[in-house]
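In the working numbering, the protein residues as written are 177 to 420. Even for Gly, the Cβ is constructed at its ideal location relative to N, Cα and C. Given the structure is predicted, the values throughout are model-derived calculations rather than measurements.
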Amino acid sequence: MSAPAIRFSGVSKAYGGAPPVLRRVDVEVPDSGVTFVVGRSGAGKSVFCRLAVGLERPDEGEVLLMGTPLSGLSERRLLELRRDAPYLVQGPALLDWLTLSENVALADPQRDRARALSALERVGLTNEADRLPTEVGPGVRKRAAIARALVLGPRYLLFDEPTTGLDHKSARQVSEVLERLRAEGLGALVVSHDYPLLERIADRVILVEGGQARVFPSKDAFWTSDDPAVRELLAPVRAESFDG
Ligand SMILES: Nc1ncnc2c1ncn2[C@@H]1O[C@H](COP(=O)(O)OP(=O)(O)OP(=O)(O)O)[C@@H](O)[C@H]1O
Ligand SMILES: [Mg+2]
Numbered sequence: 177m178s179a180p181a182i183r184f185s186g187v188s189k190a191y192g193g194a195p196p197v198l199r200r201v202d203v204e205v206p207d208s209g210v211t212f213v214v215g216r217s218g219a220g221k222s223v224f225c226r227l228a229v230g231l232e233r234p235d236e237g238e239v240l241l242m243g244t245p246l247s248g249l250s251e252r253r254l255l256e257l258r259r260d261a262p263y264l265v266q267g268p269a270l271l272d273w274l275t276l277s278e279n280v281a282l283a284d285p286q287r288d289r290a291r292a293l294s295a296l297e298r299v300g301l302t303n304e305a306d307r308l309p310t311e312v313g314p315g316v317r318k319r320a321a322i323a324r325a326l327v328l329g330p331r332y333l334l335f336d337e338p339t340t341g342l343d344h345k346s347a348r349q350v351s352e353v354l355e356r357l358r359a360e361g362l363g364a365l366v367v368s369h370d371y372p373l374l375e376r377i378a379d380r381v382i383l384v385e386g387g388q389a390r391v392f393p394s395k396d397a398f399w400t401s402d403d404p405a406v407r408e409l410l411a412p413v414r415a416e417s418f419d420g
C-alpha cells in the first residue's frame, strides 16, 4: 500500500495573538482520487495547503507529504518533494513577459521545450504555446499554470481554488482539464467551492472549520451531512437550485 499523499498528526498553526487557524489536526489524504477541501473564507484552507507542501511550518505536530516527514528537511529536499506534488496557488501564477511554453519550462531545471509542449498538450494548449499570458484569456492562463505543475510528471497535485474568479467558459475548460487528469489516474487535492465540479470529480471531501479538518468519505456523505457548518456552506447552493 502506498503512503497517503498528505498526513497531518497533531498539527497546530496560529498567527500572532489570533486564535489558532488549525488546532491539533489529524488527517490523512489518500494519494489516489480527488479530495475536495471546503470551508468558509478564512477557515484555513490555504494554510492547510501551505503546511502540506512545507511552504509553512506547523507550530506543533508533524506533516508528511508523499510519506516523507517535512520537519527538518532542507529547502532543497523540499523543492524536490514539491516537484512530485506541486501546489498550484490561488490567484495569478504566470510571468507576463514569457510565453506560455517558457512559463511552463520554468518549472523544469532543464528548460526542455519538448517537455513543456507535451505538458501544454495535456491541458489542450498545443496551439497557444508561443503566446504571451496577456494575449490569452484567464482560462488559458490557468491551464498553462496547470501545465507548469505537470511538466515534471508529478504523482500528485494540489489546487487552490482553480476555477474561482473565472468566467463560465474558462471555468468549464479548467474543470475539463481536472476531469481529464483524474481519468488519467492522477490524485489531487482541490480547494474549491465549485459544487458542480465537486459533484463531477470529488471522491471525498474535507471540511476545514473551527480549527479542525473533518473528512467525509464520499461526496454523498458530504451532501447529506447534517453538520451545521456543511448546511451553512450549502444553503446558498440549495437556494439557487430551488430558484432555477
Ligand atoms: N501569513 C499570515 N499571517 C497572518 N495571518 C494569516 C496568514 N496566513 C493566513 N492567515 C490567517 O489565517 C486564516 C486562514 O487563512 P486562509 O488563507 O487559509 O483561509 P482560506 O480558508 O484559504 O480562505 P479563502 O476561502 O478566503 O481563500 C485567516 O484568518 C487568515 O487571515
Ligand atoms: Mg484560500
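| query | result |
| --- | --- |
| 8 Å Cβ cutoff, Leu-276 in contact with chain C | Among the chains in the structure shown there is no chain C, since it carries only a single protein chain. |
| Per-residue DSSP class, three states only, for Pro-245 | strand |
| Sequence ranges, beta strand (DSSP E) only - wholly within the segment 219 to 307, length at least 3 | 236 to 241 |
| Heavy atom of ligand 2 within 7 Å of Lys-189 beta-carbon | no |
| Residue from Asp-336, Ser-208, Pro-372 with nearest C-alpha to Ile-322 | Asp-336 |
| Beta-carbon proximity check, Asp-235 vs Ser-188, cutoff 8 Å | yes |
| Below 7 Å from a heavy atom of ligand 2 - residues by beta-carbon | Lys-221, Ser-222, Gln-266, Asp-336, Glu-337, Val-367 |
| Whole-number beta carbon distance between Pro-206 and Ala-181, since they are thought to touch under 8 Å | 7 Å |
| Backbone secondary structure at Ala-389 - three-state DSSP | strand |
| 8 Å Cβ cutoff met for Glu-360 and Arg-376 | no |
| Reduced DSSP secondary structure (H/G/I, E/B, other) of Thr-339 | coil |
| Residue burial classification, Lys-124 (beta-carbon count within 10 angstroms, cutoff 16) | The chain is shown from 177 up to 420; residue 124 falls before or after that span and cannot be answered. |
| 8 Å Cβ cutoff met for Ala-325 and Leu-333 | yes |
| Whole-angstrom distance between Ser-222 and Ser-394, CA atom to CA atom | 22 Å |
| Per-residue burial, Gly-230 [other beta carbons within 10 Å of its own, 16 or more giving buried] | buried |
| Whole-number beta carbon distance between Thr-400 and Thr-370, since they are thought to touch under 8 Å | In the sequence as displayed, the identity of residue 370 is Asp instead of Thr. No, Asp-370 and Thr-400 are not in contact; Cβ-Cβ is about 19 Å, not under 8 Å. |
| Extent of the continuous alpha helix (DSSP H) to which Val-201 belongs | It is not in any alpha helix (DSSP H) - Val-201 instead sits in the beta strand (DSSP E) that spans 198 to 205. |
| Span of the beta strand (DSSP E), counted from its first residue to its last, around Arg-183 | 182 to 189 |
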